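**Student:** Attaching a single structure in structure tokens format; questions to follow.
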Ligand SMILES: Cc1cc2nc3c(=O)[nH]c(=O)nc-3n(C[C@H](O)[C@H](O)[C@H](O)COP(=O)(O)OP(=O)(O)OC[C@H]3O[C@@H](n4cnc5c(N)ncnc54)[C@H](O)[C@@H]3O)c2cc1C
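Encoded structure:
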């Protein structure tokens, strides 16, 4: 069986790792397949799924996710265990596990034709490849989803985000997110140093700065040292987007991860769900076709919850005060 996977990201490489024994080709548009971004939290279910394909991640363990208000108090502690890792470390583990696959970089899929027997794939470098399956694992802006004719649109959530890695230790044992007015700060302890993310509610057309603005340095967030320890040109800025609707592709051309159901990262679930999609798809690809099966409802639920958490988290002005007053009733202890 020959499987062509488009996208050497988290989902695509997990699928390749799970298809050991098959002929696998990975198509990646970038010149080098690497983990772009700062850090990532993976819960135990995703880590177990990775272990099932012999990818054993060694990250900073956490046992809860804490939520607080700026200048103030912890409002909630969610029992959630897993590990926090850098994207580059996760990516190199996945690349090792998928080393049996043939990786073709700096190319993409121009068009494909499905038949009952398989898929014929034309690449942008002029090559033509025949495969049994073509899997779109090419992220939120998926070209395979577009070639399938999906009407899913990329939708701005109202927030932009900066992510960075600091050499400093935050003094926290578990990840914490602190909500201010139109701004959120996330602090995630790593084995060495800290992953920090900052979100700001800004209108769609407004200018974005490459590094976070000084408003994040207010003492209310308590992260001045961490922010200042990240070199200005090392921040990675992205708008937080989601897909307007989910698309899972066809039997010969299935989609997974962000390509299928890209949602906002407010629950820290996107990579975990891409991994779980990949493992489920690998178990179904050559048998009775049951994809997306249970993956469908699970991802709709996460997308909806994630959107709502984002809306409450990015509240600004009077809405932020109303939110904070209501949440303060639940406040447990000083941060
Ligand atoms: C700020 C932020 C924080 C996050 N934090 C977390 C977290 O803590 N935990 C978590 O589980 N998730 C988190 N996520 C979500 C997570 O990063 C994504 O959901 C996850 O990376 C999706 O994996 P994927 O394999 O579907 O796509 P990606 O990892 O995006 O991989 C897609 C790959 O396809 C390639 N590609 C794209 N287009 C083409 C093309 N046309 N041809 C060939 N190749 C192509 C890309 O170069 C890339 O290598 C976060 C996201 C953001 C933005």
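Numbering (our numbering), first residue to last: 1110 to 1444. Built from N, CA and C at the ideal position, the CB exists for glycine as well. Note that the coordinates shown come from a computational prediction; the quantities given were computed from them, not determined experimentally.
Would you call the region 1289–1301 and the region 1155–1169 touching, i.e. three or more CB-CB distances under 8 Å?
**Tutor:** yes
**Student:** Using a threshold of 7 Å, is the CB atom of residue 1137 nearer than that to any non-hydrogen atom of ligand 1?
**Tutor:** yes
**Student:** Closer than 7 Å: is that where the CB of residue 1306 sits relative to any heavy atom of ligand 1?
**Tutor:** yes
**Student:** Does the region 1192–1208 touch the region 1143–1161, meaning 3 or more C-beta pairs lie closer than 8 Å?
**Tutor:** yes
**Student:** At a cut of 8 Å, does the region 1119–1129 reach the region 1242–1257 through at least three beta carbon pairs?
**Tutor:** yes
**Student:** Helix, strand or coil, according to DSSP, for residue 1335 in the structure here?
**Tutor:** helix
**Student:** Could you check whether the Cβ of residue 1355 sits closer than 7 Å to any heavy atom belonging to ligand 1?
**Tutor:** Checking every heavy atom of ligand 1 against the Cβ of residue 1355, none is found closer than 7 Å.
**Student:** Is any non-hydrogen atom of ligand 1 found closer than 7 Å to the C-beta of residue 1298, if you look at the structure I gave you?
**Tutor:** no
**Student:** Report yes or no: do three or more beta-carbon pairs, one from the region 1142–1150 and one from the region 1399–1413, lie closer than 8 Å?
**Tutor:** no
**Student:** Going by DSSP in three states, residue 1400 sits in which element: helix, strand or coil?
**Tutor:** coil
**Student:** One question on the structure: do residue 1164 and residue 1198 come within less than 8 Å of each other, judged by their Cβ atoms?
**Tutor:** The answer is no: Cβ separation not under 8 Å.
**Student:** Which residues does DSSP pair with residue 1305 in a beta bridge?
**Tutor:** 1273, 1296
**Student:** Check this for me: beta carbons of residue 1252 and residue 1217, under 8 Å apart or not?
**Tutor:** yes
**Student:** At which residues does the alpha helix (DSSP H) containing residue 1159 begin and terminate?
**Tutor:** Secondary structure note for residue 1159: its alpha helix (DSSP H) is the uninterrupted segment 1153–1160.
**Student:** Taking the Cβ atom as the reference point for each residue, do residue 1291 and residue 1284 lie within a distance shorter than 8 Å?
**Tutor:** No, Cβ-Cβ distance for residue 1291 and residue 1284 is not below 8 Å.
**Student:** Is there at least one non-hydrogen atom of ligand 1 closer than 7 Å to the beta-carbon of residue 1252?
**Tutor:** Yes, the Cβ of residue 1252 comes within 7 Å of a heavy atom of ligand 1.
**Student:** At 3 residues or longer, and completely inside the region 1318–1398: list those beta strand (DSSP E) runs for me, N to C.
**Tutor:** 1345–1352
**Student:** Could you give the distance in angstroms between the alpha-carbon of residue 1403 and the alpha-carbon of residue 1304?
**Tutor:** 32 Å
**Student:** Which residue comes first and which comes last in the beta strand (DSSP E) that contains residue 1245?
**Tutor:** 1242–1245
**Student:** Report buried or exposed for residue 1277, applying the criterion of at least 16 other Cβ atoms within 10 angstroms of its Cβ.
**Tutor:** exposed
**Student:** Near residue 1391, what residues of its chain come up, given a Cβ to Cβ distance below 7 Å and the 5 sequence neighbours on each side ignored?
**Tutor:** 1124, 1127, 1128
**Student:** Within the present structure, is the beta-carbon of residue 1187 separated from the nearest heavy atom of ligand 1 by less than 7 Å?
**Tutor:** no
**Student:** If you run the structure through DSSP and keep just helix, strand and coil, what is residue 1176?
**Tutor:** Judged by DSSP in its simplified three-state form, residue 1176 adopts strand.
**Student:** Less than 7 Å between the CB of residue 1445 and some heavy atom of ligand 1, yes or no?
**Tutor:** There is no way to answer for residue 1445, as the model of the chain reaches only from 1110 to 1444.
**Student:** Suppose contacts are defined by Cβ-Cβ distances below 8 Å. Is residue 1348 in contact with residue 1366 by that definition?
**Tutor:** no
**Student:** Please report the residue range of the alpha helix (DSSP H) in which residue 1200 lies.
**Tutor:** 1196–1206
**Student:** In whole angstroms, what is the alpha-carbon distance linking residue 1200 and residue 1136?
**Tutor:** 16 Å
**Student:** Let me check you understand the geometry: is the CB of residue 1240 closer than 7 Å to at least one non-hydrogen atom of ligand 1?
**Tutor:** False, no ligand heavy atom lies under 7 Å from that Cβ.
**Student:** Identify whether residue 1113 lies in helix, strand or coil by the three-state DSSP scheme.
**Tutor:** The three-state secondary structure of residue 1113, taken from DSSP, is strand.
**Student:** Helix, strand or coil, according to DSSP, for residue 1050 in the structure here?
**Tutor:** Lying before the first or after the last residue shown, residue 1050 is absent from the chain, which here runs from 1110 to 1444.
**Student:** Can you find at least 3 beta carbon pairs, one from the region 1367–1379 and one from the region 1315–1335, that sit closer than 8 Å?
**Tutor:** Flag = no, the region 1367–1379 and the region 1315–1335 do not touch.
**Student:** Consult DSSP for residue 1412 and reduce its assignment to one of helix, strand or coil.
**Tutor:** Reduced to three states, the DSSP call for residue 1412 is helix.
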